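Here the structure is laid out as structure tokens; the discussion comes afterwards.
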Amino acid sequence: MVIILVVWHFAAHAHDHSRPELDSWFESLKSDKGPCCSNADGTALSDADWEVKDGHYRVRIKSQWWDVPDEAVIKKPNRAGRTMVWPFYSWTVGKALRIDIRCFIPGAMM
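Using the numbering used here, the letters of the sequence shown correspond one by one to residues 519 to 628.
This is the structure:
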């Protein structure tokens, strides 16, 4: 049995209610894996929770590093300014947590 969940919240929430002009931009985001869904589905990451290793992005979710598939990287400019990821969680009975990253947009590393 496989259970797949779309996680709406963990760590920092992506939606910034003080910037409603970004709502339509968030709704338009998509990667080569498909639409990212919305800003409510994404999560903002701190600079310590993402990196570039061997030319590819990685993110730390639930204290574990996950590789970001190249096709999940959003190619348009980041109007929100912060790094964001849209993860989907799945568990198979008797197996470890699996995270599929549908979309990722880098911010500015400081």
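The beta carbon of each residue, even a glycine, is placed where N, CA and C say it ideally should be.
None of these values were measured; they are calculated from a predicted model.
Asked                                                                                                                                                       : Found
Buried or exposed: G560, going by 16 or more other Cβ atoms within 10 Å of its Cβ?                                                                          : buried
Mapping the DSSP letters down to three states, classify S669 as helix, strand or coil.                                                                      : Summary: the structure shown does not reach residue 669, with the chain confined to residues 519 through 628, and so no result is reported for it.
Figure out for me which residue from S536, K571, S546 and I617 has the closest Cα to the Cα of I592.                                                        : S546
Quick one: grab the DSSP three-state call for D618.                                                                                                         : strand
To test your reading of the DSSP string, which unbroken beta strand (DSSP E) runs of 3 or more residues are found completely within the segment 541 to 611? : 568 to 571, 574 to 579, 582 to 585 and 602 to 610
Would you say V577 and D567 are within 9 Å of each other, going by their C-beta atoms?                                                                      : yes
What's the C-alpha gap between E569 and W604?                                                                                                               : 16 Å
From this set, S581, A590 and G573, which residue's C-alpha is nearest C555's C-alpha?                                                                      : A590
Return the CA-CA distance between E539 and P595, expressed in angstroms with no decimal places.                                                             : 15 Å
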